[in-house]
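Only one structure is covered here, and it is reproduced in the block below.
Protein chains: 4
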Amino acid sequence: MDRYEEIRKSIINFRDERDWKQFHNPKDIAISLNIEAGELLECFQWKSNHDIEEILKSSKRESIEDEIADVANYLILLCNELDVNLFDVVERKIEKNKVKYPVDKFKGSSKKYNE
Amino acid sequence: MDRYEEIRKSIINFRDERDWKQFHNPKDIAISLNIEAGELLECFQWKSNHDIEEILKSSKRESIEDEIADVANYLILLCNELDVNLFDVVERKIEKNKVKYPVDKFKGSSKKYNE
Amino acid sequence: MDRYEEIRKSIINFRDERDWKQFHNPKDIAISLNIEAGELLECFQWKSNHDIEEILKSSKRESIEDEIADVANYLILLCNELDVNLFDVVERKIEKNKVKYPVDKFKGSSKKYNE
Amino acid sequence: MDRYEEIRKSIINFRDERDWKQFHNPKDIAISLNIEAGELLECFQWKSNHDIEEILKSSKRESIEDEIADVANYLILLCNELDVNLFDVVERKIEKNKVKYPVDKFKGSSKKYNE
Chain X
1 MDRYEEIRKS
11 IINFRDERDW
21 KQFHNPKDIA
31 ISLNIEAGEL
41 LECFQWKSNH
51 DIEEILKSSK
61 RESIEDEIAD
71 VANYLILLCN
81 ELDVNLFDVV
91 ERKIEKNKVK
101 YPVDKFKGSS
111 KKYNE
Chain H
1 MDRYEEIRKS
11 IINFRDERDW
21 KQFHNPKDIA
31 ISLNIEAGEL
41 LECFQWKSNH
51 DIEEILKSSK
61 RESIEDEIAD
71 VANYLILLCN
81 ELDVNLFDVV
91 ERKIEKNKVK
101 YPVDKFKGSS
111 KKYNE
Chain Y
1 MDRYEEIRKS
11 IINFRDERDW
21 KQFHNPKDIA
31 ISLNIEAGEL
41 LECFQWKSNH
51 DIEEILKSSK
61 RESIEDEIAD
71 VANYLILLCN
81 ELDVNLFDVV
91 ERKIEKNKVK
101 YPVDKFKGSS
111 KKYNE
Chain C
1 MDRYEEIRKS
11 IINFRDERDW
21 KQFHNPKDIA
31 ISLNIEAGEL
41 LECFQWKSNH
51 DIEEILKSSK
61 RESIEDEIAD
71 VANYLILLCN
81 ELDVNLFDVV
91 ERKIEKNKVK
101 YPVDKFKGSS
111 KKYNE
């Protein structure tokens, strides 16, 4: 069993032990993903890139890692709920992005495809 | 090479071909993660759980999967930038959550640990 | 002086007493607005509409009002920073939305204009 | 009638003409506020403070103002739905923040009250 599958099972097991499946509809999981993404962003609020480098070398690093884990947790739960293979959809999206952002047009540019 | 590592390399390769590393500081990646999480949530805006089930069976399913992929893309980029092993931090967080949310106190409850 | 202007001045005064203008660039204020919007949404996480009605009648109501205030605070700060008249832009947007969402096409529908 | 009240009535009128009250429960409005806050943040994604100054002087300024208006729109709708006086709760929160962030402790610092 690969690592992702192992972790997905741990997350589902954690949930089922607490009888939380009843709360885990796709909409509420997507809400939770947004809340956790906001908490992750909060780690960088008002900070310069230099400040952030310092934080990452300090004891606060673990709290940032924990916020990353919370985002991942809900992403995995959402994929589980929607019966989505996370790796398959990411690979497909990379292929789409190659078409959307051709190298010769977007090299070195932060513009969006529709700008 | 496992699937995650393969995809991480595809994402970094996609980025480097476009010379986008210069934009990918942790703060802007976390911003992007929030924006994509919002776009994912938008798929469920104003929709009931029943509506969402119908959408998931329709041709709109792929656009939801694409938003999931976009969130995953930035999560993987952030881990890459911060030199974080995503699976390690998720596993550690599950262990922390077991302490934070003991089964006997939280079974069947949507309360937060500090409520 | 109207109420909005009075409050805007209180917010700026609060900020200047703490010498926080140095942090208040538009990007970080927009980040803060997102974080606070996430905290407001957290009040409704996992809750049904019925649960929310109960919460609004309970002592937790004030914490929801405080999150609303936090969102408003950053919205007012952003308008101040960008020299935007909030009421003017809202009125202009209502007019645009009337064109984007004509009554005869969108009455009773939660569809988006591009759906 | 003051400007805020005038605009609140325009927003409610816009909504009622389209028979959209049925969708406007507090949770979905808070979701919408998050989505719009994300779209506002997207205007600043990958941009430096200098880039943003340039954007604000360009024809793209109006699209930023429109996103601000969208956030305000849902904030006003939420206050309307929860029967909250926006100005009252902001004023109360400023008073709370004065206690939470005493000038002598937080002057010139971007730390949070619990840091």
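Protein chains in written order, with full-length UniProt numbering: chain X, 1 to 115; chain H, 1 to 115; chain Y, 1 to 115; chain C, 1 to 115.
Note that beta-carbon positions come from the ideal geometry of N, C-alpha and C, so glycine has one too.
Query	Result
Taking the CB atoms as reference points, tell me whether Cys43 (chain X) and Ile68 (chain X) lie closer together than 7 Å.	no
Determine the direct distance from the alpha carbon of Tyr101 (chain Y) to that of Leu75 (chain H), and round the result to whole angstroms.	35 Å
How do the stretch 22–33 of chain X and the stretch 37–52 of chain H stand: do at least 3 beta-carbon pairs fall below 8 Å, yes or no?	yes
Taking buried to mean at least 16 other C-beta atoms within 10 Å of its own C-beta, is Glu36 (chain X) buried or exposed?	buried
Since residue 144 (chain X) meets chain H, which of its residues come closer than 7 Å, beta carbon to beta carbon?	Beyond the ends of chain X as shown, which are 1 and 115, falls residue 144 (chain X); an answer cannot be given.
Closer than 7 Å between beta carbons: that is the criterion. Which residues of the stretch 69–99 of chain H meet it against chain C?	none
Would you identify the three-state DSSP class for Lys60 (chain Y), choosing helix, strand or coil?	coil
Is it buried or exposed for Tyr113 (chain C), if we count other Cβ within 10 angstroms and need 16 for buried?	exposed
Listed from N- to C-terminal order along the chain, which residues in the stretch 17–45 of chain C have their beta-carbon within a distance smaller than 7 Å of any beta-carbon of chain X?	Ile31, Asn34
Could you compute how far the alpha carbon of Arg8 (chain Y) sits from the alpha carbon of Leu86 (chain Y)?	11 Å
What's the gap between the Cα of Ile55 (chain X) and the Cα of Arg61 (chain X)?	6 Å
Can you grab the Cα-Cα spacing for the pair Asn73 (chain X) / Leu33 (chain X), in whole Å?	8 Å
Whose C-alpha, out of C:Val71, C:Glu5, C:Asn13, is nearest the C-alpha of Ala30 (chain Y)?	C:Val71
CA-CA distance, Val84 (chain Y) and Tyr4 (chain Y)?	13 Å
What separation, rounded to the nearest whole angstrom, lies between the Cα atoms of Ile12 (chain H) and Glu91 (chain H)?	24 Å
Can you list, in chain order, the residues of the stretch 104–115 of chain H whose Cβ is nearer than 7 Å to any Cβ on chain Y?	Ser110
Lys107 (chain C) to Ser10 (chain Y), Cα distance in whole Å?	17 Å
Does the separation of the CB atoms of Val103 (chain X) and Arg15 (chain H) fall below 7 Å?	no
Along the chain, where does the alpha helix (DSSP H) containing residue 193 (chain C) start, and where does it finish?	Beyond the ends of chain C as shown, which are 1 and 115, falls residue 193 (chain C); an answer cannot be given.
Indicate whether at least one CB of chain Y lies closer than 7 Å to the CB of Glu65 (chain C).	yes
Lys93 (chain X) and Asp66 (chain H) - do their beta-carbons sit closer together than 7 Å?	yes
Look up Lys98 (chain C) in the DSSP assignment and say whether it is helix, strand or coil.	helix
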